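For the sequence shown, my numbering gives the first residue as 17, with consecutive numbering after it.
C-beta atoms are modelled at their ideal positions from N, C-alpha and C, and glycine is treated no differently.
Treat the numbers as computed from the prediction; the structure is a model and nothing was measured.
Let me begin by presenting the structure, written as structure tokens, before commenting on it.
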Amino acid sequence: TTTAGVEDGYAARLPAVAQTSPFPELLARVASSGRRGVVDDVLDDPAWEPHRRDALTLGFRSIAVVPAGEDRLLVVHGTRPDTFVGEDGDVIVELGETLGAVIDQLGRSQPILGEQQTEVELEIRDDSHYLNRLAAATGAAATVTGVVPTTDGTYRSFVRTTAAQDVARDALPAGAVVRELTDSDDGEHLYEVRPADTKPFETLYAGRGRLQEMRAEDGVCTVTLTIPSDVSVRSVVEAFAAAYDGTTLTARRTQAEPSESVGTFRARLDEAWTERQREAISAALHGGLYDWPRKTSVSTLAEAFDVSSPTFQYHLRAAERKLVELTLE
17 TTTAGVEDGY
27 AARLPAVAQT
37 SPFPELLARV
47 ASSGRRGVVD
57 DVLDDPAWEP
67 HRRDALTLGF
77 RSIAVVPAGE
87 DRLLVVHGTR
97 PDTFVGEDGD
107 VIVELGETLG
117 AVIDQLGRSQ
127 PILGEQQTEV
137 ELEIRDDSHY
147 LNRLAAATGA
157 AATVTGVVPT
167 TDGTYRSFVR
177 TTAAQDVARD
187 ALPAGAVVRE
197 LTDSDDGEHL
207 YEVRPADTKP
217 FETLYAGRGR
227 LQEMRAEDGV
237 CTVTLTIPSD
247 VSVRSVVEAF
257 AAAYDGTTLT
267 ARRTQAEPSE
277 SVGTFRARLD
287 EAWTERQREA
297 ISAALHGGLY
307 DWPRKTSVST
317 LAEAFDVSSP
327 TFQYHLRAAE
337 RKLVELTLE
């Protein structure tokens, strides 16, 4: 049991308190259902009469219990009634998921990067590739600024193109264009696109590889990847070739990383970030939030991820803080 922000005497009694009804029932319900449990006001709920003295002494009125990864629960006390109603409750759930993901990741993290990596360049001459289709529809280049793996197993592809929204939707299969993220009107559009075949990206990210560039023009989509030295290049190339006809390997270069390597720094970020934090900061970067002038907004990106703006901002700020801390330490 780990505690923070509580008086030492109460913290020492927590194991005993947790055995006192109705705490066991609340904890068991959350553990079995995987869903939050909330007490809106311990002073107004007869079942919580045994805890009213603690509540009055320590100044808490409401309680929330949420799952926090594998075999863990997060218990939070609020200082006012109905603390965890609405978006505040959603943030607590997200906090539990974040803490759990950090603990789970630290528990299974291992050194993952060697001193070398392989840069691979592919050409895809397949008219069905979504980027080639967009380039053909406009007669101009189309570029993927990033592909973000999400916590629910899907992939979000961020695409820059001159294609207007109706042109983009006509060029791609139904449902492929999830939404436009561009707020400005400068002739360039940024879309969230759901790739029809995600196997290439699944293979790439499972091997800790990175997409450096994906650009389509004149019927050719050029893809540049970096793959860690201990991962099979062939497996990644074959995944792209299986998804798209006309895929050829055009270049392969071995790159040595410096002793204080970028790869080492990235490995430390991989350990520090949760999946949701990586998802948020990647979406902010590829979605144009850091461009000047900005091409999108936090609220637009939050809508794309189907979460509230405060929830998205929470994960984004946490990711930014960890990045700055690692950079300046």
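For the candidate residues the options, whose alpha-carbon lies nearest to that of residue i?
{"i": "proline 38", "options": "Arg231, Glu65, Pro326 and Asp234", "result": "Glu65"}
{"i": "serine 230", "options": "Thr161, Thr263, Leu285 and Arg292", "result": "Here the sequence assigns methionine to residue 230, which means serine is not the residue at that position. Nearest C-alpha to methionine 230: Thr161."}
{"i": "arginine 97", "options": "Ile79, Ala152, Gln329 and Arg268", "result": "First, the residue type needs correcting, since residue 97 is proline and not arginine in the sequence shown. Nearest C-alpha to proline 97: Ile79."}
{"i": "alanine 152", "options": "Thr312, Val164 and Asp186", "result": "Asp186"}
{"i": "aspartate 60", "options": "Glu295, Phe76 and Asp142", "result": "Phe76"}
{"i": "aspartate 143", "options": "Gly262, Val55 and Leu342", "result": "Gly262"}
{"i": "valine 312", "options": "Gly303, Glu319 and Ala320", "result": "The residue you asked about is not valine; residue 312 is threonine in the sequence shown. When each option's Cα is compared against that of threonine 312, the closest is Gly303."}
{"i": "phenylalanine 256", "options": "Gln228, Pro244 and Thr219", "result": "Thr219"}
{"i": "phenylalanine 281", "options": "Arg269, Val252, Lys338 and Gln329", "result": "Lys338"}
{"i": "valine 92", "options": "Gly102, Arg52, Leu72 and Arg69", "result": "Arg52"}
{"i": "glycine 225", "options": "Glu233, Gln132 and Ala259", "result": "Gln132"}
{"i": "leucine 206", "options": "Ser324, Leu285 and Ala320", "result": "Ala320"}
{"i": "glutamate 295", "options": "Leu90, Thr327, Asp307 and Thr134", "result": "Thr327"}
{"i": "arginine 268", "options": "Pro244, Thr290, Ala258 and Leu285", "result": "Pro244"}
{"i": "valine 239", "options": "Gly223, Arg141, Thr154 and Tyr330", "result": "Arg141"}
{"i": "glycine 105", "options": "Val340, Ser324 and Asn148", "result": "Ser324"}
{"i": "proline 40", "options": "Val81, Arg68, Val314 and Thr73", "result": "Val81"}
{"i": "valine 340", "options": "Leu285, Asp56, Ser315 and Arg292", "result": "Leu285"}
{"i": "leucine 89", "options": "Leu42, Gln329 and Arg68", "result": "Leu42"}
{"i": "glutamine 329", "options": "Asp182, Arg210 and Glu103", "result": "Glu103"}
Drop a sphere of 10 angstroms on the beta-carbon of residue i, count the other beta-carbons inside from all chains shown, and report buried for 16 or more, exposed for fewer.
{"i": "valine 271", "result": "Inspection of the sequence shows that residue 271 is occupied by glutamine rather than by valine. Classification for glutamine 271: exposed."}
{"i": "glycine 50", "result": "exposed"}
{"i": "serine 48", "result": "exposed"}
{"i": "leucine 227", "result": "buried"}
{"i": "alanine 44", "result": "exposed"}
{"i": "proline 165", "result": "buried"}
{"i": "serine 173", "result": "buried"}
{"i": "threonine 177", "result": "buried"}
{"i": "alanine 288", "result": "buried"}
{"i": "tyrosine 306", "result": "exposed"}
{"i": "leucine 72", "result": "exposed"}
{"i": "glycine 94", "result": "buried"}
{"i": "threonine 266", "result": "exposed"}
{"i": "alanine 70", "result": "One point to set straight first is that residue 70 is aspartate, not alanine, in the sequence displayed. When all chains shown are included, aspartate 70 counts as buried."}
{"i": "arginine 292", "result": "buried"}
{"i": "valine 58", "result": "buried"}
{"i": "threonine 264", "result": "exposed"}
I believe residue i touches residue j by the beta-carbon criterion, under 8 Å. Please report the beta-carbon distance rounded to the nearest angstrom.
{"i": "alanine 158", "j": "valine 175", "result": "6 Å"}
{"i": "valine 236", "j": "glutamate 137", "result": "About 12 Å separates the two Cβ atoms, so there is no contact after all."}
{"i": "leucine 197", "j": "glutamate 208", "result": "6 Å"}
{"i": "valine 46", "j": "proline 83", "result": "7 Å"}
{"i": "tyrosine 171", "j": "threonine 214", "result": "5 Å"}
{"i": "alanine 299", "j": "leucine 317", "result": "5 Å"}
{"i": "phenylalanine 217", "j": "valine 163", "result": "5 Å"}
{"i": "leucine 150", "j": "alanine 179", "result": "6 Å"}
{"i": "valine 253", "j": "glycine 223", "result": "In fact, because the Cβ distance is near 11 Å, the residues do not count as touching under 8 Å."}
{"i": "leucine 342", "j": "isoleucine 297", "result": "Contact doesn't hold; Cβ gap of about 13 Å is too wide."}
{"i": "alanine 212", "j": "alanine 192", "result": "7 Å"}
{"i": "valine 249", "j": "threonine 134", "result": "5 Å"}
{"i": "asparagine 148", "j": "alanine 232", "result": "5 Å"}
Helix, strand or coil: which one does DSSP assign to residue i?
{"i": "glycine 53", "result": "strand"}
{"i": "tyrosine 330", "result": "helix"}
{"i": "glycine 162", "result": "strand"}
{"i": "tyrosine 13", "result": "Nothing about residue 13 can be read from this structure; the chain reaches only from 17 to 345."}
{"i": "valine 239", "result": "strand"}
{"i": "phenylalanine 39", "result": "helix"}
{"i": "leucine 285", "result": "helix"}
{"i": "leucine 122", "result": "Here leucine 122 scores only 47 on pLDDT, less than 50, and its place in the model should not be relied on; the value that follows carries that caveat. Three-state DSSP puts leucine 122 in a helix."}
{"i": "tyrosine 146", "result": "helix"}
{"i": "threonine 154", "result": "helix"}
{"i": "serine 173", "result": "strand"}
{"i": "valine 340", "result": "helix"}
{"i": "arginine 141", "result": "coil"}
{"i": "valine 253", "result": "helix"}
{"i": "threonine 270", "result": "strand"}
{"i": "valine 314", "result": "helix"}
{"i": "threonine 280", "result": "helix"}
{"i": "valine 46", "result": "helix"}
{"i": "valine 136", "result": "strand"}
Can you find a C-beta in chain B that's less than 8 Å from the C-beta of residue i?
{"i": "tyrosine 207", "result": "Going by chain labels, chain B is absent from the structure shown, which holds only one protein chain."}
Notebook entry, point to check: Can you give, in chain order, each stretch of the alpha helix (DSSP H) that sits fully within the region 176 to 232 and has at least 4 residues?
Noted result: Complete alpha helix (DSSP H) runs here, min 4: 181 to 187 and 215 to 222.
Next item on the list: Identify every run of the beta strand (DSSP E) within the region 59 to 96, keeping only runs that are complete inside it and at least 3 residues long; order them along the chain.
Entry: 78 to 83 and 89 to 94
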